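Structure, as C-alpha cells:
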Amino acid sequence: MPIEIVCKIKFAEEDEKQKEKEEGDKESLIEEPARPRSRDLAAFASASTLHGLGHICQSGRLGVRQTLWAFAFLASLAFFLYQAAKSALLYLEHPHVMALDEEAIREMVFPAITICNINRYRHSALTDADIFHLANMTGLPPKDRDGHKATDLLYPDPDMADIVNRTGHQLDDML
Numbered sequence: 001m002p003i004e005i006v007c008k009i010k011f012a013e014e015d016e017k018q019k020e021k022e023e024g025d026k027e028s029l030i031e032e033p034a035r036p037r038s039r040d041l042a043a044f045a046s047a048s049t050l051h052g053l054g055h056i057c058q059s060g061r062l063g064v065r066q067t068l069w070a071f072a073f074l075a076s077l078a079f080f081l082y083q084a085a086k087s088a089l090l091y092l093e094h095p096h097v098m099a100l101d102e103e104a105i106r107e108m109v110f111p112a113i114t115i116c117n118i119n120r121y122r123h124s125a126l127t128d129a130d131i132f133h134l135a136n137m138t139g140l141p142p143k144d145r146d147g148h149k150a151t152d153l154l155y156p157d158p159d160m161a162d163i164v165n166r167t168g169h170q171l172d173d174m175l
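When you number the sequence shown by UniProt numbering, it's gap-free, plus one each residue, and the end is 175.
This is the structure:
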C-alpha cells in the first residue's frame, strides 16, 4: 500500500520574478536596480497552499482568531501524523518474504508460469473497422489509419467478442 504525501509551497517572490519576466525589464540606466524584498513569515504564509497557514501568520498582533486557527492547524497536523504513523506500522506489521527458486523441469503443472502482455490487442491484427470502433469506445477522435473521418466511412456494428478473440494475443504465439 503506497502512501503519497504532497505539499505545495509557493513563494511570493517567484511570482514577482515571473511577472517581471513577462512584462520585460523596466529598469533604466539611471534608476537604481530594484532591491529584493525581504522575506517575512506573513508573506510566505499567505502565498503558501498549506491550508490555514495564511490565517495563522497574518501580520499584526496575535489575536483569538489566529490562536484558534493555530490550534486547528496543529490538531489536524497531529491527527495526520498519527494516522500516517498508524498506517505505516500496520503496513510493516505484515512480513514480506520473497523466495525465488529456479528448477529445470520438462513438464510443469499449469499454471506454473503466468505471462501477461500489457497490450490487449495485436496492432497487426486490427482492421480499420476495429480501430474505428475501439477509438469510439476510448473517447479518441474516430479516424482510420488513412485519416478519414467517421462521417466518410461505413463500418458494420462492432462485435467485441470477435474483436477480442481475433486480435488478442494467442497462447500459441507466445510459447
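Glycine included, every Cβ here is placed at the ideal spot set by N, Cα and C. These figures come from a predicted structure and were not determined experimentally.
Tell me, to the nearest whole angstrom, how far the beta carbon of LEU53 is from that of ALA45; I am working on the premise that it is less than 8 Å.
4 Å
Given that a residue counts as buried once 16 or more other Cβ atoms are within 10 Å of its Cβ, and exposed if not, what is ASP159?
exposed
Does the pairing of the segment 159–174 with the segment 119–126 give three or more beta-carbon distances under 8 Å?
yes
Rounded C-alpha distance that separates HIS94 from ALA88
11 Å
Leaving out five residues on either side along the sequence, give the residues of the same chain with a beta carbon under 7 Å from the beta carbon of PRO156.
ALA129
For TYR121, the residue or residues it bridges with in DSSP:
GLY168
Helix, strand or coil: which one does DSSP assign to VAL64?
helix
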